[in-house]
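Asks: Residue numbers (this note's numbering): 1 to 289.
For every residue, glycine included, the Cβ atom is placed at its ideal position computed from N, Cα and C.
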């Protein structure tokens with residue numbers, strides 16, 4: 001009886017999974033394919049034979065894809081394996097993006113929730129700071145900061161995080177203001193609940209789903225900014241590969257070896273497209289509830 005029940009349960013789960021895949025939105029399928037390719041490049045490539053993103057071999061320089069068994073995707077102008085460098089560059093960009101998004105999300109959540117709960121002068125001051133920062137182009141602000149402070153990877157993560165919190169702050173404040181006068185919140189405050197208790201126990205859980213959707217979208221935005229800075233020589237510094245840096249290094253060889261530009265550009269497009277499709281899917285699912 002137990003075995004029959006388990007078989008029936010397994011078949012039901014399999015049918016549910018199949019139905020979910022068949023009924024999935026095309027954008028979600030595309031996002032899954034993109035992110036799987038990115039994951040394979042980041043996770044699997046380092047375990048392949050011959051993985052070495054830094055060793056130079058001028059005798060093997062400028063090999064195009066699929067012309068050498070030792071270098072599947074070819075080599076750059078210094079003979080370094082392009083697939084290996086693409087793997088490290090993608091991982092670096094993802095680490096920078098997720099680190100920066102985490103910083104900006106925490107900062108924006110804190111500022112937005114406090115502003116929305118306290119209101120008054122504090123709210124006006126914090127939102128005024130947000131308006132001022134929003135009026136300054138992020139890339140221009142980052143260029144000034146990099147010129148003044150340098151561009152180590154850790155510092156770049158912090159600067160990207162501190163310059164991208166405004167969206168999280170505005171969304172958090174808007175939701176906090178709308179919840180502030182709800183019956184369940186006024187009941188807690190009437191019973192003696194402190195402001196910090198209300199924020200952590202009642203406002204934050206209601207804000208997090210919307211913030212998660214925004215964070216998924218912002219990962220792509222941060223990668224775009226980081227790649228732009230690296231292309232200009234102001235982001236991730238050599239010898240660490242970055243996607244923007246690979247494009248900058250390969251632009252002079254676009255006619256003879258276009259893979260040096262096309263492959264890192266495709267990785268940027270797949271990461272951005274994948275996370276933005278996921279963000280749109282989460283938003284659509286949340287709006288249907």
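Between which two residues does the alpha helix (DSSP H) holding residue 321 run?
Replies: Given that the chain is displayed from residue 1 to residue 289, the structure contains no residue 321 and the question cannot be resolved.
Asks: Counting C-beta neighbours from all protein chains within 10 Å, is the total for residue 131 16 or more, i.e. buried, or is it exposed?
Replies: Your numbering for residue 131 matches position 131 in the chain shown. Classification for residue 131: exposed.
Asks: When the Cα of residue 256 is compared with those of 52, 140, 211, 62, which residue comes out closest?
Replies: Along the chain shown, one-based indexing puts residue 256 at 256. When each option's Cα is compared against that of residue 256, the closest is 62.
Asks: In whole angstroms, what is the alpha-carbon distance linking residue 76 and residue 60?
Replies: Locating residue 76 in the chain shown gives position 76, counting from the first residue. Locating residue 60 in the chain shown gives position 60, counting from the first residue. When rounded, the distance between both Cα atoms is 9 Å.
Asks: I'd like to check one pair, residue 223 with residue 158: are the Cβ atoms closer than 9 Å?
Replies: For this step, residue 158 is matched to residue 158 along the chain shown. For this step, residue 223 is matched to residue 223 along the chain shown. No, Cβ-Cβ distance for residue 158 and residue 223 is not below 9 Å.
Asks: Inspect the CB distances between the segment 149-166 and the segment 224-237 and report whether three or more fall short of 8 Å.
Replies: Judged by Cβ distances under 8 Å, the segment 149-166 makes contact with the segment 224-237, as three or more pairs qualify.
Asks: Name, in chain order, the residues that DSSP records as bridge partners for residue 75.
Replies: Numbered from 1 along the chain shown, position 75 holds the residue referred to as residue 75. DSSP lists 81 as partners of residue 75.
Asks: Which whole-angstrom value is the C-beta distance of residue 100 and residue 164, which I expect to be below 8 Å?
Replies: As a first step, residue 100 is located in the chain shown; it is residue number 100 there, counting from the start. As a first step, residue 164 is located in the chain shown; it is residue number 164 there, counting from the start. About 7 Å separates the two Cβ atoms, so the contact holds.
Asks: Helix, strand or coil, according to DSSP, for residue 22 in the structure here?
Replies: Numbered from its first residue, the chain shown carries residue 22 at position 22. Reliability fails at residue 22, whose pLDDT of 42 lies under 50, so the model's placement of it is uncertain and no value is given.
Asks: Does DSSP classify residue 283 as helix, strand or coil?
Replies: On the chain shown, position 283 is the one that residue 283 refers to. Residue 283 falls in the helix class under three-state DSSP.
Asks: So, for residue 64: in the same chain, excluding its five sequence neighbours on each side, which residues have a beta-carbon less than 7 Å away from its beta-carbon?
Replies: Numbered from 1 along the chain shown, position 64 holds the residue referred to as residue 64. The answer, listed in chain order, is 74, 257, 259.
Asks: Please say whether residue 242 and residue 92 have beta carbons closer to each other than 9 Å?
Replies: Here the question's residue 92 lines up with position 92 in the chain shown. Here the question's residue 242 lines up with position 242 in the chain shown. It is a contact, given that the beta carbons lie within the stated cut-off.
Asks: Measuring CA to CA, which of 44, 31, 229, 262 is closest to residue 147?
Replies: For the purposes of this step, residue 147 is taken as the residue at position 147 of the chain shown. Ranking 44, 31, 229, 262 by Cα distance to residue 147 puts 229 first.
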